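Enquirer:
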Amino acid sequence: MWTNHHVAGFPHEKWWALKKTPGSIRSGVWNLAVAASSVFLLMANGCTKQDPYVPPDLFYYFASYKVGKNPTTVTPTDVNQDSFTDLVTTNMGSNTLSILLGNGDGSFGDQVELNVCKEPRSLALGMFNSDPFPDVVLACSGADEISVLFGRADGKFQEGTRYPVHRTPIAIAIDDLNGDQAPDLVVALRNDKIKVFLGTGTGEFTHGAQYEYGDTPTSVALADLDGDGKIDLAVTNGGPMLNAVSIWMGNGNGTFRPPTDYRTGKRPLAVSFADFNHDRISDLLVINGVQDSFTTFLGIGNGTFQPGRDSGADAGPNFGLARDFNGDRRTDVAIVNLQSSDISVLFGRDDGTFEYPPRNYRTKPGPFALASFHVTTKGTEEPGLVTADNGNGSVSIFLHRGLKTSSASIAPPP
156 MWTNHHVAGF PHEKWWALKK TPGSIRSGVW NLAVAASSVF LLMANGCTKQ DPYVPPDLFY
216 YFASYKVGKN PTTVTPTDVN QDSFTDLVTT NMGSNTLSIL LGNGDGSFGD QVELNVCKEP
276 RSLALGMFNS DPFPDVVLAC SGADEISVLF GRADGKFQEG TRYPVHRTPI AIAIDDLNGD
336 QAPDLVVALR NDKIKVFLGT GTGEFTHGAQ YEYGDTPTSV ALADLDGDGK IDLAVTNGGP
396 MLNAVSIWMG NGNGTFRPPT DYRTGKRPLA VSFADFNHDR ISDLLVINGV QDSFTTFLGI
456 GNGTFQPGRD SGADAGPNFG LARDFNGDRR TDVAIVNLQS SDISVLFGRD DGTFEYPPRN
516 YRTKPGPFAL ASFHVTTKGT EEPGLVTADN GNGSVSIFLH RGLKTSSASI APPP
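For the sequence shown, our numbering begins at 156 and goes up steadily by one.
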């Protein structure tokens with residue numbers, strides 16, 4: 156479907172999977188109660204001359220591991236610097252952090268669960284001090300604070316300083332905002348505020364700029380969008396008044412210029428950067444929680460973006476990531492769907508669009524977050540996927556079929 160919003164052409168398109176061999180087209184003014192001059196074009200693409208597209212089946216369920224209650228994030232990293240990928244989860248329901256040390260083959264040991272702040276909603280990893288072990292900062296939504304934890308050689312974390320924020324931190328991102336080689340923080344707060352903390356390089360942070368803007372920010376991401384060496388900011392606004400992703404261009408000193416808004420689908424929940432059309436310019440991936448879709452925005456190269464394209468996901472998409480999963484050098488998308496309890500993998504066409512239908516993989520109940528990691532077996536490196544199963548208190552591993560062995564589990568999760 157293409158929608159015309161008072162401009163020449165049809166800049167906004169949306170896709171849905173249909174039954175076989177559709178063959179009709181219709182246009183009209185279908186939303187008279189909202190805007191009498193808006194025109195919709197609905198087109199059905201027939202499949203009578205070729206077989207329907209069947210997406211490749213690249214992943215298989217491998218194993219699940221117990222973590223704390225109601226995990227909301229899962230982050231791969233090497234916490235003990237043994238060259239194996241480990242996992243860290245935030246568990247809102249038990250006020251804990253779970254650490255699972257990796258064995259290097261896609262399997263993990265039992266969790267080590269650490270008590271942390273109240274309702275850790277999200278985390279970001281960085282190198283906050285001079286040791287070689289990754290550190291963690293938590294957005295503690297139940298305590299109105301962020302909490303810094305320092306990595307140790309044994310794979311555990313030692314609590315550092317807690318910093319108060321005004322209300323309900325939801326999301327957090329890390330980068331060097333002022334060019335001093337020390338990681339800084341951007342925190343999204345539930346009360347329509349964005350807060351900056353500037354790092355000192357010693358593990359401590361100072362309060363930086365604060366901005367009041369938007370409508371219920373839900374996620375943040377940082378990158379240099381225009382190649383000027385200054386870090387820029389993307390924020391999703393999930394409240395009903397805006398439904399947009401806001402782009403804040405950085406000044407290079409820890410502050411940002413007034414934002415530009417781009418319309419998304421309903422209730423955008425997550426934003427990340429990728430290159431969907433192979434032009435070496437950052438594009439945007441936004442996950443829309445209410446209308447079962449995601450929106451991609453192709454970057455122009457100066458920090459601005461083309462109008463978004465909405466594409467269908469399964470029920471209740473909550474988080475997504477972009478990678479090349481099938482080795483064709485095109486960027487694909489994987490999305491976890493909270494309501495339908497599955498992962499949707501869509502293969503990119505190298506132009507910002509994707510092949511349909513997606514390949515769906517059933518997960519345990521309530522997959523809330525998703526991450527990718529690499530597994531090397533017999534000299535071959537392939538991507539794996541891991542979900543944070545909010546409804547089951549677990550993480551689930553899906554390995555690439557290039558790594559499938561006779562002893563590997565291939566049954567879907569119970």
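Just so it is clear, CB atoms sit at the ideal spot from N, CA and C, and this is done for glycine as well. Only a predicted model underlies this, so the values are computations on that prediction, with no experimental measurement involved.
So which of Asn346, Asp347 and Gly356 has the shortest CA-CA distance to Leu340?
Expert: What you label residue 340 is simply residue 185 of the sequence shown in a count that begins at 1. Looking at the Cα atoms, Gly356 is the closest of the given residues.
Enquirer: Confirm, please, whether the CB-CB distance from Asn492 to Pro520 is below 8 Å.
Expert: For the purposes of this step, residue 520 is identified with residue 365 of the sequence shown, where counting begins at 1. For the purposes of this step, residue 492 is identified with residue 337 of the sequence shown, where counting begins at 1. Not in contact: Pro520 and Asn492 (Cβ atoms no closer than 8 Å).
Enquirer: Roughly how many angstroms separate the alpha carbons of Ile498 and Val303, rounded to a whole number?
Expert: For this step, residue 498 is matched to residue 343 along the sequence shown. For this step, residue 303 is matched to residue 148 along the sequence shown. Roughly 31 Å between the two C-alpha positions.
Enquirer: Are Arg478 and Pro538 close, meaning C-beta to C-beta below 8 Å?
Expert: Locating residue 478 in the sequence shown gives position 323, where the first residue counts as 1. Locating residue 538 in the sequence shown gives position 383, where the first residue counts as 1. Against a cut-off of 8 Å, the Cβ pair of Pro538 and Arg478 comes out as a contact.
Enquirer: Would you list the residues sitting across from Val400 in a DSSP beta bridge?
Expert: The count along the sequence shown starts at 1 and reaches residue 400 at position 245. Looking at the DSSP assignment, Val400 forms a beta bridge with Thr391 and Tyr417.
Enquirer: With distance defined between alpha-carbon atoms, name the residue in Thr419, Val441 and Phe352 nearest to Asn408.
Expert: The count along the sequence shown starts at 1 and reaches residue 408 at position 253. With distances taken between Cα atoms, Asn408 lies closest to Phe352.
Enquirer: At the level of alpha carbons, what is the spacing between Ser495 and Met396?
Expert: Working through the sequence shown from its first residue, we reach residue 495 at position 340. Working through the sequence shown from its first residue, we reach residue 396 at position 241. The alpha-carbon atoms of Ser495 and Met396 are separated by roughly 27 Å.
Enquirer: Could you tell me the boundaries of the beta strand (DSSP E) in which Tyr366 lies?
Expert: What you label residue 366 is simply residue 211 of the sequence shown in a count that begins at 1. Phe360 to Glu367 is the span of the beta strand (DSSP E), which, as asked, contains Tyr366.
Enquirer: For Arg412 versus Asn398, is the C-beta distance shorter than 8 Å?
Expert: Position 257 of the sequence shown, counting from 1, holds the residue named residue 412. Position 243 of the sequence shown, counting from 1, holds the residue named residue 398. No. Outside cutoff.
Enquirer: For Arg514, count the other beta carbons within 10 Å of its own beta carbon; 16 or more makes it buried, fewer makes it exposed. Which is it?
Expert: Locating residue 514 in the sequence shown gives position 359, counting from the first residue. Arg514 is buried by the Cβ-count criterion.
Enquirer: Could you compute how far the alpha carbon of Cys295 sits from the alpha carbon of Val209?
Expert: Here residue 295 refers to the residue found at position 140 of the sequence shown. Here residue 209 refers to the residue found at position 54 of the sequence shown. Each residue's Cα considered, the two are about 43 Å apart.
Enquirer: Compare the C-alpha of Ala603 against each of Asp347, Ala337 and Phe239 and name the closest.
Expert: Since the displayed the chain opens at 156 and closes at 569, residue 603 lies outside it and no answer follows.
Enquirer: Would you mind sorting Gln266 into buried or exposed? The rule is 16 or more other CB atoms within 10 Å of its CB.
Expert: Translated into the one-based positions of the sequence shown, residue 266 becomes position 111. By the neighbour-count rule (16 or more Cβ atoms within 10 Å), Gln266 is buried.
Enquirer: Classify Gly557 as helix, strand or coil using the three-state DSSP reduction.
Expert: If you number the sequence shown from 1, residue 557 lands on position 402. In this structure, Gly557 counts as helix in the three-state DSSP scheme.
Enquirer: Less than 8 Å between the CB atoms is what I'm expecting for Gly223 and Ser253, so what's the real figure, rounded?
Expert: Looking up residue 223 in the sequence shown gives position 68. Looking up residue 253 in the sequence shown gives position 98. Right, the Cβ-Cβ distance comes to about 5 Å (below 8 Å), so this counts as a contact.
Enquirer: As a quick exercise: from Asp260, Ser374, Gly306 and Tyr318, pick the residue whose alpha carbon is nearest that of Phe474.
Expert: Working through the sequence shown from its first residue, we reach residue 474 at position 319. It is Ser374.
Enquirer: In angstroms with no decimal places, state the Cα-to-Cα distance between Ile386 and Ser549.
Expert: In the sequence shown, counting from the first residue as 1, residue 386 sits at position 231. In the sequence shown, counting from the first residue as 1, residue 549 sits at position 394. In a straight line, the C-alpha of Ile386 is about 35 Å away from that of Ser549.
Enquirer: Look at Pro207 and Arg276 and say whether their C-beta atoms are less than 8 Å apart.
Expert: By one-based count along the sequence shown, residue 207 stands at place 52. By one-based count along the sequence shown, residue 276 stands at place 121. Cβ distance not < 8 Å, so Pro207 and Arg276 don't count as in contact.
Enquirer: Nearest to Pro394 by CA position, among Arg422, Leu255 and Asp237, is which residue?
Expert: Indexing the sequence shown from 1 puts residue 394 at position 239. Position check: residue 394 holds Gly in this sequence, whereas Pro was assumed. Out of Arg422, Leu255 and Asp237, Arg422 has the C-alpha closest to the C-alpha of Gly394.
Enquirer: Could you tell me which of Val441, Gly363 and Asp383 sits nearest to Leu424, measuring between CA atoms?
Expert: Your numbering for residue 424 matches position 269 in the sequence shown. That would be Val441, whose Cα lies nearest to the Cα of Leu424.
Enquirer: Rounding to the nearest angstrom, what Cα-Cα distance links Asp447 and His362 in this structure?
Expert: As a first step, residue 447 is located in the sequence shown; it is residue number 292 there, counting from the start. As a first step, residue 362 is located in the sequence shown; it is residue number 207 there, counting from the start. Distance between the alpha carbons of Asp447 and His362: 37 Å.
Enquirer: CA-CA distance, Val530 and Ser551?
Expert: Sequence index remark: in the sequence shown, residue 530 carries index 375 (1-based). Sequence index remark: in the sequence shown, residue 551 carries index 396 (1-based). So the two alpha carbons sit approximately 15 Å from each other.
Enquirer: In this structure, how does DSSP classify Leu187 when only helix, strand and coil are distinguished?
Expert: Sequence index remark: in the sequence shown, residue 187 carries index 32 (1-based). In this prediction, Leu187 scores a pLDDT of 40, lower than 50, which makes its location untrustworthy; the coordinate-derived value is nonetheless stated afterwards. Three-state DSSP puts Leu187 in coil, outside helix and strand.
Enquirer: So is His433 buried or exposed if we call it buried at 16+ other beta carbons inside 10 Å?
Expert: Within the sequence shown, residue 433 is the residue found at index 278, counting from 1. Answer is exposed; the Cβ neighbour count stays below 16.
Enquirer: Given a cut-off of 8 Å, decide if Thr240 and Ala570 are closer than it, judged by their beta-carbon atoms.
Expert: This structure cannot speak to residue 570, because the chain is shown only from 156 to 569.
Enquirer: Kindly provide the ranges of any beta strand (DSSP E) runs that are 3 or more residues long and lie completely inside the region 510 to 547, ordered along the chain.
Expert: Complete beta strand (DSSP E) runs here, min 3: 514 to 517, 522 to 532 and 535 to 544.
Enquirer: On the premise that Thr232 lies in contact with Leu280, defined as a C-beta separation below 8 Å, what is that separation, rounded to the nearest angstrom?
Expert: Taking the first residue of the sequence shown as position 1, residue 280 is located at position 125. Taking the first residue of the sequence shown as position 1, residue 232 is located at position 77. About 5 Å separates the two Cβ atoms, so the contact holds.
Enquirer: My parser needs the beta strand (DSSP E) runs of 3 or more residues fully inside the region 314 to 344; what are they?
Expert: The qualifying runs are 324 to 330 and 339 to 344.
Enquirer: Given a cut-off of 8 Å, decide if Thr230 and Leu278 are closer than it, judged by their beta-carbon atoms.
Expert: One-based indexing of the sequence shown puts residue 278 at position 123. One-based indexing of the sequence shown puts residue 230 at position 75. Yes, the Cβ-Cβ distance between Leu278 and Thr230 is below 8 Å.
Enquirer: If you measure from the beta carbon of Thr542 to each beta carbon in chain D, is any gap under 8 Å?
Expert: In the structure shown, chain D cannot be found, because there is only a single protein chain.
Enquirer: To the nearest angstrom, how far is it from the Cα of Asn370 to the Cα of Asn392?
Expert: What you label residue 370 is simply residue 215 of the sequence shown in a count that begins at 1. What you label residue 392 is simply residue 237 of the sequence shown in a count that begins at 1. Per the sequence shown, residue 370 should be read as Asp rather than Asn. Answer to the nearest angstrom: the Cα atoms are 5 Å apart.
Enquirer: Under 8 Å between the Cβ atoms of Pro226 and Phe523?
Expert: Here the question's residue 226 lines up with position 71 in the sequence shown. Here the question's residue 523 lines up with position 368 in the sequence shown. Going by C-beta atoms, Pro226 is nearer than 8 Å to Phe523.
Enquirer: Going by alpha carbons, who is nearest to Leu293 out of Gln313, Gly444, Asp309 and Gly264?
Expert: What you label residue 293 is simply residue 138 of the sequence shown in a count that begins at 1. Minimum Cα distance to Leu293 is reached at Gln313.
Enquirer: DSSP three-state label for Cys572, please.
Expert: Within the shown structure, residues of the chain are numbered from 156 to 569, placing residue 572 beyond reach of any answer.
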